[in-house]
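Quick notes on the structure that follows.
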Amino acid sequence: EIVLTQSSDFQSVPPKGTVTITCRASQSVTYNLHWFQQKPGQSPKLLVKYASQPTPGVPSRFRGSGSGTLFTLIINGLEPEDVATYYCHQTGTFPYSFGQGTTLDIK
Amino acid sequence: QEQLVESGGGVVHPGMSLRLSCEASGFSFRNYAVQWVRQAPGKGLAWVALISYDGNDKYYADSVKGRFTISRDNSNNGLYLQMNSLRPEDTSVYYCTNVPRLRNSVQVWGQGTTVTVSS
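Just so you know, the protein sequences line up as chains C and Z, in that order.
Here the first sequence stands for residues 194 to 300, numbered as in the working numbering.
Here the second sequence stands for residues 19 to 137, numbered as in the working numbering.
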């Protein structure tokens, strides 16, 4: 089973700040890694698919990169509505898995 | 409007069964692999099971293997999860969602249905 480990469980960031969330896979998932945002009481929402492909309608401040075992989600210019929990999800090898989640807060 | 709508959740005793349903609309359901993902109260997302676009391949998390069965009916855009021998640790919100494709893809989540297993 592939374990996904996100760089932190919680981050507090100033408004308009830059956020970097890293997701490390215990084995290569090539580019089969997606990023989701989940706000309290809501279903998850896709931000980036296949490591770096943006999702239509998602603000351009969300960017993904990486391959193999190391992936990064960067949020440039944090907005108040970005307060949420962010998850990485691998679909490279069964059983699929999620990272533990990183909750963002604005300072 | 692409949509997935789950139903079938409820409160059951340990050892009992439930069948979850998920109805798709607004997109080509038959072209996507679809999966169930759950979230225990206050916890993160956990992958449960996946079924291929044609229903021929099925995969399960170790925690549910042998107890849960995923199925689909492309003729009525339906996804199902038969859950047997339920345990308290199965208590979660269950979401259905499709696996995004590399190109020309939508990605949809349902609103979730709550399963509570308690004596």
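Where is the CB? At the ideal position from N, CA and C, for every residue including glycine.
Here the structure is a predicted model, which means the values were calculated and not measured.
(request) Using a Cβ-Cβ cut-off of 7 angstroms, state whether residue 197 (chain C) counts as contacting chain Z. (result) no
(message) For a cutoff of 7 angstroms on Cβ pairs, would you count residue 118 (chain Z) as touching chain C?
(response) yes
(message) Taking 7 angstroms as the threshold (C-beta atoms), are residue 215 (chain C) and residue 371 (chain C) in contact?
(response) No answer is possible for residue 371 (chain C): it lies beyond the span of chain C, which begins at 194 and ends at 300.
(request) Could you confirm whether any beta carbon from chain Z is found closer than 7 angstroms to the beta carbon of residue 284 (chain C)? (result) yes
(request) Compare the C-beta of residue 145 (chain Z) against all C-beta atoms of chain C and say whether one is closer than 7 angstroms. (result) The displayed coordinates of chain Z run from 19 to 137. Any statement about residue 145 (chain Z) would go beyond what the structure contains.
(message) Would you say residue 60 (chain Z) lies against chain C (beta-carbon separation less than 7 angstroms)?
(response) No, its Cβ sits nowhere closer than 7 angstroms to a Cβ of chain C.
(request) Quick one: using the 10 Å Cβ neighbour count with 16 as the cut-off for buried, is residue 237 (chain C) buried or exposed? (result) buried
(request) Tell me, please, whether the CB atom of residue 297 (chain C) is closer than 7 angstroms to any CB atom in chain A? (result) The chain labelled as chain A is not found among the protein chains of the depicted structure, namely C and Z.
(request) Would you decide whether residue 110 (chain Z) is buried or exposed? Buried here means 16 or more other CB atoms lie within 10 Å of its CB. (result) Residue 110 (chain Z) should be labelled buried.
(request) Please check if any C-beta of chain C sits within less than 7 angstroms of the C-beta of residue 127 (chain Z). (result) For residue 127 (chain Z), the answer is yes, since a Cβ of chain C falls inside 7 angstroms of its Cβ.
(message) What residue range does the beta strand (DSSP E) around residue 66 (chain Z) cover?
(response) 63-69
(message) Looking at residue 167 (chain Z): is its Cβ nearer than 7 angstroms to the Cβ of residue 253 (chain C)?
(response) A query on residue 167 (chain Z) cannot be resolved here, the shown segment of chain Z reaching from 19 to 137 and no further.
(request) Could you spell out the range, first to last residue, of the beta strand (DSSP E) harbouring residue 209 (chain C)? (result) Per DSSP, residue 209 (chain C) lies in no beta strand (DSSP E) and is assigned neither H nor E.
(request) Rounded to whole angstroms, what's the CA-CA distance from residue 28 (chain Z) to residue 97 (chain Z)? Just pull it up for me. (result) Roughly 18 angstroms separates the two Cα atoms.
(request) Using a threshold of 7 angstroms, state whether the C-beta atoms of residue 51 (chain Z) and residue 126 (chain Z) are closer than that. (result) no
(request) Classify residue 275 (chain C) as helix, strand or coil using the three-state DSSP reduction. (result) helix
(message) Tell me which residue opens and which closes the beta strand (DSSP E) that residue 44 (chain Z) is part of.
(response) From DSSP, residue 44 (chain Z) is part of no beta strand (DSSP E); its letter is neither H nor E.
(message) Is residue 77 (chain Z) close to chain C? Criterion is C-beta to C-beta, closer than 7 angstroms.
(response) Put simply, the CB of residue 77 (chain Z) is near chain C, with a gap under 7 angstroms to one of its CB atoms.
(message) On the DSSP letters alone, give me the boundaries of the beta strand (DSSP E) that residue 287 (chain C) sits inside.
(response) It is not in any beta strand (DSSP E) - residue 287 (chain C) carries neither H nor E in the DSSP assignment.
(request) Give the interface partners of residue 80 (chain Z) over in chain C, defined as CB-CB distance under 9 angstroms, in chain order. (result) 194 and 288
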